[in-house]
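Let me begin by presenting the structure, written as structure tokens, before commenting on it.
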Amino acid sequence: MKKMKDSGMLRSIATVLIIIGLIRWLPLGNEMMKETAIILQAIGFAMYGISIIRNKRRERKNGLAAVGLGVFMFLSFSTGLNAQQADYSKQITAFKQSFEKKSAEHLKEYISTELKFGPIPVQNTPAVLANVFARFPKLKVMEIVENKKGEARIKHEFEGLGAGESSVFFDSSGKITKIEFIENIILQELKAQQALRNSVQQPVPGELAKKHSFKKVTFPSEDGLSVTANLYEVDPDKPFILLCHQAGYNKYEYADIAPKLNEMGFNCLAIDQRSGGPFAGHKNETNEAAIQKGIKNIDMTDAEQDIRAAINYLHKKYNKKVTVWGSSYSSSLALFAAEGNKSVNAVISFSPGNYFGDQKPSIAKAIKDLKVPFFITSSKEEAKQLGALIGDIKLKENQQQFIPSSDGFHGSRALWEGQKGAEEYWTALTGFLNKVYSK
Numbered sequence: 003m004k005k006m007k008d009s010g011m012l013r014s015i016a017t018v019l020i021i022i023g024l025i026r027w028l029p030l031g032n033e034m035m036k037e038t039a040i041i042l043q044a045i046g047f048a049m050y051g052i053s054i055i056r057n058k059r060r061e062r063k064n065g066l067a068a069v070g071l072g073v074f075m076f077l078s079f080s081t082g083l084n085a086q087q088a089d090y091s092k093q094i095t096a097f098k099q100s101f102e103k104k105s106a107e108h109l110k111e112y113i114s115t116e117l118k119f120g121p122i123p124v125q126n127t128p129a130v131l132a133n134v135f136a137r138f139p140k141l142k143v144m145e146i147v148e149n150k151k152g153e154a155r156i157k158h159e160f161e162g163l164g165a166g167e168s169s170v171f172f173d174s175s176g177k178i179t180k181i182e183f184i185e186n187i188i189l190q191e192l193k194a195q196q197a198l199r200n201s202v203q204q205p206v207p208g209e210l211a212k213k214h215s216f217k218k219v220t221f222p223s224e225d226g227l228s229v230t231a232n233l234y235e236v237d238p239d240k241p242f243i244l245l246c247h248q249a250g251y252n253k254y255e256y257a258d259i260a261p262k263l264n265e266m267g268f269n270c271l272a273i274d275q276r277s278g279g280p281f282a283g284h285k286n287e288t289n290e291a292a293i294q295k296g297i298k299n300i301d302m303t304d305a306e307q308d309i310r311a312a313i314n315y316l317h318k319k320y321n322k323k324v325t326v327w328g329s330s331y332s333s334s335l336a337l338f339a340a341e342g343n344k345s346v347n348a349v350i351s352f353s354p355g356n357y358f359g360d361q362k363p364s365i366a367k368a369i370k371d372l373k374v375p376f377f378i379t380s381s382k383e384e385a386k387q388l389g390a391l392i393g394d395i396k397l398k399e400n401q402q403q404f405i406p407s408s409d410g411f412h413g414s415r416a417l418w419e420g421q422k423g424a425e426e427y428w429t430a431l432t433g434f435l436n437k438v439y440s441k
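Numbering-wise, our numbering puts 40 at position 38 of the sequence shown, and it's gapless, one number per residue.
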């Protein structure tokens, strides 16, 4: 009798635990409570099975029932645990939409208040995300590779950045606490900025600049805007290199580069593109002329016509083909301007990239279609992205990507006098120019 009472009490407790376990199916939004409910329900099923086995009068029948309950318990427990292998498809879909729509609004409801990126304060997270979504290249692929509790492993591919895999992490309520690949990019950028602060900040023209002076020239762009440039001429019979600056800069970017090229036997034309600004105490005269003319909302792609006009100016004036040299955004425009242009014999491209969104195709197309020799280089970190862009493109004769052994720098500033690692860039570049002009 006592065993029967004990058995009955065991069943009663088991029944209560099983009923409590049912709350896991309610939309509570508390993962810890759900996990506790699953464990309690599993214990309840186990206790219920034991109580049946202890009932001697129905040993055989209830033994089978216990087995059945055991199986049911196992399936229920497994199902419950599987339910906890959270599905983050909604969050990743919103993440994908944020890149596609260039806005963080779609992801807002899934962002944890704890989400931050490296040393950047958490209160700056909304601004960081807005900037990332607005400026990142076009998203081609984003899909979940694996879901597990607290983490979604995703595959992603951005135009110009290639494909990769990384993780997005979540708290117990499904809010995002860490976005691995964005954090990695930001940390790389912070590292690059630190290196920049420790680098030579502007060109310092030395004795060669005194030896090889320049004269200011102007010529019309394709829309009639007057483009201002510095002409470094050593011998009109020698080759010509067109020098184009990076964003926010002007022709002074080449103040100690052009004289060195002169010393090597090359004439140079360093231009002010309309997309640029004051740098190192010098004005961007083409940009100022554009503003005075009432040209508004000047975009980087607007400078391509200035580059093409400069190519035509040199070709007509000296009846020579031109080597086009670009820095950062202008290095991408140099690739586009050279494509199919019979007045161009080579391209030198320092830190090209897909900077223009939907305004221009990927530079991978220009690289693939270019028939002339080219020298593409960048910092070591940027080289990974460039390598992904070049990919399986079969390079033609005297077409190369140079990767520095040092960290290097973004744009033509890598060559400034006193810049760390400048000499290896100069050595590689000199070798390229010798090959181009040895024919």
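Glycine included, C-beta positions come from ideal geometry on N, C-alpha and C.
DSSP three-state assignment for residue i, whether helix, strand or coil
| i | result |
| --- | --- |
| S334 | helix |
| G31 | Residue confidence is low: G31 scores 48 on pLDDT, short of 50, so the model does not pin down where it sits. Its coordinate-derived value is still stated next. In the structure shown, G31 sits in coil (DSSP, three-state: anything other than H, G, I, E or B). |
| E145 | strand |
| I392 | helix |
| V374 | coil |
| K218 | strand |
| A249 | coil |
| Q203 | coil |
| K150 | strand |
| L83 | Confidence at L83 is low in this model, with a pLDDT of 47, below 50, so its placement is unreliable and no value can be given for it. |
| A348 | strand |
| F242 | strand |
| W418 | coil |
| I113 | strand |
Under 8 angstroms between C-beta atoms of residue i and residue j
| i | j | result |
| --- | --- | --- |
| A305 | L227 | no |
| E116 | K142 | no |
| E341 | A366 | no |
| M302 | Y331 | yes |
| N264 | H284 | no |
| F268 | I184 | no |
| N149 | D89 | yes |
| S440 | G423 | no |
| P375 | V438 | yes |
| A154 | L131 | no |
| S381 | P354 | no |
| A311 | D274 | no |
| A282 | L245 | no |
Backbone CA spacing between residue i and residue j [nearest angstrom]
| i | j | result |
| --- | --- | --- |
| Q93 | I156 | 12 angstroms |
| K218 | A260 | 14 angstroms |
| H158 | F171 | 15 angstroms |
| I313 | I243 | 9 angstroms |
| Y315 | G410 | 33 angstroms |
| K240 | T379 | 25 angstroms |
| C270 | Q125 | 48 angstroms |
| V326 | A348 | 6 angstroms |
| T127 | A211 | 46 angstroms |
| V206 | Y256 | 10 angstroms |
| L388 | I405 | 10 angstroms |
| R276 | Q361 | 17 angstroms |
| Q203 | S329 | 15 angstroms |
| G279 | G152 | 47 angstroms |
| M266 | F221 | 26 angstroms |
| K318 | L192 | 45 angstroms |
| A343 | I122 | Residue identity differs from the one stated: residue 343 is Asn in this sequence, not Ala. One C-alpha to the other measures close to 46 angstroms. |
| G31 | G176 | Annotation note: pLDDT 48 at G31 (below 50); position unreliable, coordinate value reported separately. Distance between the alpha carbons of G31 and G176 is about 9 angstroms. |
| A96 | L109 | 5 angstroms |
| A430 | Q401 | 12 angstroms |
| S114 | F138 | 22 angstroms |
| P238 | I300 | 34 angstroms |
Inter-residue CB distance, residue i and residue j (contact presumed, cutoff 8 angstroms)
| i | j | result |
| --- | --- | --- |
| S414 | D308 | Wrong, their Cβ atoms sit about 17 angstroms apart, outside the cutoff. |
| Y112 | I178 | 5 angstroms |
| N356 | S364 | 5 angstroms |
| D258 | W418 | 6 angstroms |
| A136 | K104 | 5 angstroms |
| E182 | S174 | 19 angstroms between Cβ atoms; not a contact. |
| K373 | K398 | 7 angstroms |
| I146 | S100 | The Cβ separation is near 16 angstroms, so there is no contact. |
Identity of the residues DSSP links to residue i by a beta bridge
| i | result |
| --- | --- |
| E167 | K157 |
| A231 | V219 and I273 |
| Q402 | F377 |
| V134 | Answer is none; V134 lacks a bridge partner. |
| V326 | L244 and V349 |
| F119 | I122 |
| F101 | In DSSP, F101 forms no bridge with anything. |
Any non-hydrogen atom of the ligand FMN within 7 angstroms of residue i CB
| i | result |
| --- | --- |
| K140 | Annotation note on the ligand FMN: not contained in the displayed structure, which lists no ligands. |
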